[in-house]
Every structure is written in structure tokens, then in C-alpha cells.
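full-length UniProt numbering numbers the first residue of the sequence shown as 2 and each following residue consecutively. Cβ coordinates follow ideal geometry from the N, Cα and C atoms, glycine included.
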Amino acid sequence: VVENGLDGWLRYAALPDEIRHKHRPYSSIVALENAETSPVYTAAKELQDGLDRILGHKVDITFTLSNTANPAIVVGTLHAFSTAGGSIDKIPELKEDGFWLSTKGDAVQILGQNERGALYGAFEFLMMLAQGNFSPVAYASNPSAPIRWVNEWDNMDGSIERGYAGPSIFFHNGKILDDLSRAAQYARLLSSIRINGVVVNNVNANPILLKPANLQGLRRIADIMRPWGIRIGISLYFDSPRDLGGLPTSDPLDPAVVEWWKDITDQVYRHVPDLIGYLIKANSEGQPGPLTYNRTLADAANMFARALKPHGDGLVMYRAFVYNHHLDESEWKNDRANAAVEYFKDLDAEFDDNVVVQIKFGPIDFQVREPPSPLLAHLRKTKAVIEFQVCQEYMGQQSHAVYMAPLWKTILDFDLRVDGKSSLVRDIVSGERFGWTRSGYASVVNVGNDPTWLGHHLAMSNLYAYGRLTWDPLADPATMVEDWTRLTFGLDKTVVDTITKISMESWPAYENYSGNLGIQTLCDIIYTHFGPSPGSQDGNGWGQWTRANAHAIGMDRTVATGTGNSGQYPPEVAAVFENIETTPDELLLWFHHVPYTHRLKSGKTVIQHFYDAHYAGAATAQTFPTQWAALKGLIDDDRYNHVAFRLAYQAGHSIVWRDAVNGFYKTKSSIADEANRVGNH
Ligand code: GCW
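Structure below.
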């Protein structure tokens, strides 16, 4: 068998015989819905397939509860179950998409609040079995947030912006692909981690997506994903009325423009009646937007919102990634990190109720370490989703293994102390803190046509963990990667321990050999965002500056002497970041401009920390290939070799990183490494 990775964590590998033989086959799978497009039917098929593959049991699907001979598996909605005479007395309250799973009674009960929930419950059950877990359970599981989406940055020509795993599984040559089988397989994976929405095209959107033939294609994508409980949305190009519609303007208050979008939206809904909405990147990185026409961001968002409104529950996800990429570095107080709050803070009351602001997790751009975006503390009436990036744009681009759940947890667990009250980021985005009904999560994923999906088998743990965190942000990163490993590579203890160890060491190692102390990732930022290029951070308009000179380094973001960014946080948090003494070392250079000789809380100087961290990080990466070697023969050769190749590359590239960054700062600062390892650059 060639293990190509298409099934990801849904391999349903056969359990060892001694486990299989202990288990009595289920008599039947009772699906409480028989329409083939229903997620309940999908769940029944998935159960049938999973039981066959995991246990070697062939089990029939039936459609009526009364036919049940025990022990059966019943799958459907709570409503259908009680309508068919099932007793639901003991079942706790379920939220939208939630489910009840019980393996304790005569039958296994998998009951969803809706059809999607039933499918999620089926996956939960199968993933327990696949890990050899037959313990009797009975519990309800509910999502932390209703919006659990992914964003693809796929272009109409079939390329993928920041995609590192082959061409698009959706588009080719300006059209939707004829063969969407990969899109269906992707939907299966997403559904199993409870993702309920996919925005299928790049935020740098191409208006040709709105042409009639492509709307037909969108219909096919939506049809393929719907049985998996997944709805699609699209990104729009703001200037489409001019570019595609031939209008003289795209001014969001111009009646002809409003009418044009209304008409387009009607057409889109004719093809995709359950569209989740529009994602808008405007006035960002050279993209046009309402500011181009002297209108506010709310004017634009509301125009789209009103076009969507008559059709149902579609949302406008308006990205907060609005900034000027021609910022003048010679002005000490200029700061790209301030942009989101500056643009959005006065608009809190201005957005229609079907607008959600989509906020990148940090103030800059998916760096190896950032504080949470301060905008998360400014919106009360306006709902928000937080944006993560499963694709490792600044994080080694899937050539390096970097497990990012621990990074995301630093953001989700952060207490922003809005109004002096507990305001964990995870409670803000769940909607709990400000009483929002539609909020949650988005992540850029950028899977491609490669059989590994992301280009590196180990990168898939990021997608898996992202989905699980959207459901339960308290999930533990190490536990998630253990589960993922068992499902992806098997139950062998050496396999699980080794992959968990490499994964848990990977983000700290990457931070060590790339950018330390909150200075950002330090990769080339002009073109590739891949290899080391600390010098490229400064002297350009992008605003990802380090302000490194011969004596000092870091952005002064204090209110007292700097850009004032610390003051965008609520007072208790602002006080921590304003003061060098209370700023944690890991974010020191994010908030402060200090001499290379400044002493950290560890007692080391900044420059010596740089040197030591780079040696330590590269040394850790050197252990990855040798740790991995223990897996030879314990997993299939295909995936063993594939990962071994990449870990060897990472080990080598970590040395390139180490020497490039250390050499650069040694030359800049003229301060020698105490251990005498670092040469000049
Ligand atoms: O980090 C930058 C990326 C761009 C991306 C942009 C965004 C889609 O380098 O490639 O454009 O972020 O998030 O809009």
C-alpha cells in the first residue's frame, strides 16, 4: 500500500487483531435520514467505511429505528430521534452543531443538534475506535464558537498565494476544475475537525470568479461540500463594479454600484443558496477599497451586508488587515501595528449586524511571536473572528516542521482585561465576553493538489489542531498531537512519543533559530518570506521594522517615547507593555528599543541571548532527523522517507538561519559572542 497522505488523520488503519477480535460487530447502522445529500447519510456511510477498515466489520445501513436489533449505532438529529420514538430525557442541551455521543446503552447513540452535529459525532466515535479506545462514554459536546472557517488563498489561474503544496484543488486556467474529487476529500477532512465554512478563493480576489460560467462552478463546489456539512463563501475584489461591470466607479454609496452588487449577489445565491457570505480585503497592500472613494470602511461593509441580507444568514467578513504599505520609517512614531485599531476603533457602532471583522491574531502578520491584536479589545458591538494561518508562510513554509498550536494558545489564553475584567481572547472570539451570537475563527490553510495536502506530512497536525481549537480552545497542544499521531501514523508508543516530542520542540526551536525576543521572524520580507534576511526588515514601507542600528534594536511602541501602540491595549495590559521591567522577555523587542547590552530577566544581554538562542534552536533541529530515525520500520517507508528528507533539510537550514542571523547582528553591533562561536557576516 502506498501511503500518500490523502486520508490525513482519517486513515482508519486496521487495529491489531487482538483488539479487533475482542469487539462484537454492531448489528446495523441506523441513519435517521436517507437523503444522499444529507450529512446524516454521509455520517452513516463514514461509519460503515470506518468500521470496515478499523475493525473489519461489514455493517449494513438501515433507515428506521424500529428495525433495530442490538447493539446498533443510531445516527441522526436529536429531533429525528425523538420523532422516531427515541427517548432524549437524559441528553443535555446542545448548541448549534453540537452532538450527543453515548456508547453506554443498548445502542450507540450519535445525535446531533442538527445534521452537521450528527456527522461530527460519527467522526468523534470513529476517531475513538481508530485509537483503540472502546471505553464506555456518554456526553454532549458543543462548539466554543459558531464560526469555524478556513480561507483558501487560491487564485483563478490555479496558483495559490503562499501555497507550498502544488496547484489549486478548486481552480485552473480561470475556471473551476472539472474534477473536484480533491475538494470532496478536503471537505471530509475539514468536517472531521468540525470546520463548517470554506472561503474558496484568495482574499486578493479576481473578479472573473463572478462570471456566469464560474458561478456554475461555484455551485459544483458547494454541492460537493454540502453533504459534509460545509458551506462555502467567496472573497470579492472591491473594484469589481468598475473592472467587471464597466461602471465608472466602485463607490459603495453610488446607487448603481449598490445595484450592481445586489444583482451579483442575487446571481450568486441562485447557484449557492446557502452561501456563508463574502470575505473582503480592501485598502490593504495596494488593494482598492472604500477609502479610495472617500467612504468609510463601514460604508463598504454595510453595502455588501445589505446585498446579502435578503438571502439569509450570509455574513460579511471584513478583514481588519487594512494598512498603508508605504509607511515612512524615518518617522519614529509611524507604526503598522497601530493601523487596525486606528482604522476600526471609531466604527464599533457603525456596522450592520451581519458584518464580522476578521482580525489577524497579532498586530503585524503571522509572525513567530506577537502579542494579540489590540483590536480584539476595541470591538464591543461589532463581532469579530480571529484569523490564524495553518499554512506556514513565515514559519518555514512546510519545509520546516513547526507545530503551531502552542503559539496559538499564547494568543487564545491571553487576558486582555477589557474594562478591568477577565477578557481572555478565547472568550472574546467565542462571543461569550461581549454577548456576540456570530463570531469565532478563520484560518488560512492553502492546501494544494500534493498528496500530502500541505507539502509535509507533519504539517497536517496544524490543520487538525486548528479545527480542534475552534471547537474547544482549552484543548491541550500535546494531547492533540498525540491523538493526531495515533490517527495518522499508528498506535505504536515510540511513534507517538517521538512525533509528539519533535512537534512540541519545534516552535520553540524555530523561534530560537529565527527571530527572538519579539523581533519578528526575520525572514526575507520583500519576496519569499522564507529564508533568513534580517536586513530586509528595515528600509522599506512594509512596516515590519526592527529599527536595528549599531547600538540598539527593537520598536519603541511605548506611549512615553514611542509609537503609542502599548496604549492601544486596555490599561492593565498597557501598563505591563509600557514598562521594560514588566514586559516579558519574549516580547521585549516588540515593545522596546533597547541597547544590545540591555540585560534580560535571565541576566543575559540581548545580543548574547540572540547568539545562544540561535545555537540552541539549531541544535534542537539537528536532533529531529535522529529522533525520526527511530521510526524506521514502525511506519510505512513512503511517509518515513518523505518526512526524513524534510527534517534533514530543516536541520541544515536551521544552521543557515543561525549563522545568517548571528553574523548579521555581530556585524551590526560589533559585540563578540562570549562563547566565541559567531563569525562576521
Ligand atoms: O502576509 C501577507 C501575505 C500576502 C497576503 C496578505 C493578506 C493574501 O504575504 O500574501 O495576501 O498577508 O493576508 O492579505
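Taking C-beta separations shorter than 7 Å and ignoring five residues to either side along the sequence, the partners of K346 in its chain run H379, following chain order. With a minimum length of 3 residues, the unbroken runs of beta strand (DSSP E) contained wholly in the region 175-218 fall at 198-200. When C-alpha distances from D613 are compared across N580, N517 and A649, the shortest belongs to N517.
A distance below 8 Å between beta-carbons, with the five flanking residues on each side excluded, links G86 to the following residues of its chain, in chain order: L66 and S67.
When C-alpha distances from N325 are compared across Q393, N541 and R439, the shortest belongs to N541. In the assembly as shown, S671 is an exposed residue. Its beta-carbon has fewer than 16 other beta-carbons within 10 Å.
Distances from the CA of R25 to each of V60, G436 and R548 were compared; the closest alpha carbon is that of V60. Each of Q114, A108, Q49 and L102 was checked against the Cα of T78, and the nearest Cα belongs to Q114.
For I222 and R271, the gap between their C-alpha atoms comes out near 14 Å.
Around the beta carbon of H458, a 10 Å sphere encloses 16 or more other beta carbons of the protein chains shown; the residue is thus reported as buried. Each of T562, A551 and E582 was checked against the Cα of I608, and the nearest Cα belongs to A551. By the criterion of a C-beta distance shorter than 6 Å, H327 is surrounded in its chain by G542, once the five residues flanking it on both sides are discounted. Note that the region 426-433 touches the region 380-396; at least 3 beta-carbon pairs, one per stretch, sit closer than 8 Å.
Closest in C-alpha terms to L245, from the list K23, N207, D275 and S655, comes N207. Leaving aside the five residues that flank T411 on each side, the residues in its chain whose CB is nearer than 8 Å to its CB run, in chain order, R370. Within the region 125-169, the runs of beta strand (DSSP E) that reach at least 3 residues and sit entirely inside it are, in chain order, 139-142 and 148-152. With a cut-off of 7 Å, the C-beta of E582 is classified as distant from the ligand GCW, since no heavy atom of the ligand falls inside that distance. Remark: the shortest separation between the CB of E153 and any heavy atom of the ligand GCW does not fall under 7 Å. According to the DSSP secondary-structure assignment, Y442 is paired through a beta bridge with R149 and I387. For the pair G218 and L178, the Cα-to-Cα distance works out to about 8 Å.
If you draw a straight line from the Cα of S169 to the Cα of G122, it comes to about 30 Å. In this structure, F578 is the residue among L523, P478, D353 and F578 with its C-alpha nearest to the C-alpha of T562. Of the heavy atoms belonging to the ligand GCW, at least one sits nearer than 7 Å to the Cβ of N203. For H530, the shortest C-beta to heavy atom distance toward the ligand GCW is below 7 Å.
In this structure F646 is exposed. Its beta-carbon is surrounded by fewer than 16 other beta-carbon atoms within 10 angstroms. Excluding its 5 nearest sequence neighbours in each direction, D416 has C-beta neighbours in its own chain below 7 Å: S423, S424 and L425, listed in chain order. Of all C-beta pairs linking the region 334-343 to the region 258-265, fewer than three are shorter than 8 Å, placing the two stretches out of contact.
By the Cβ neighbour-count rule, D420 is exposed, with fewer than 16 other Cβ atoms within 10 Å of its own.
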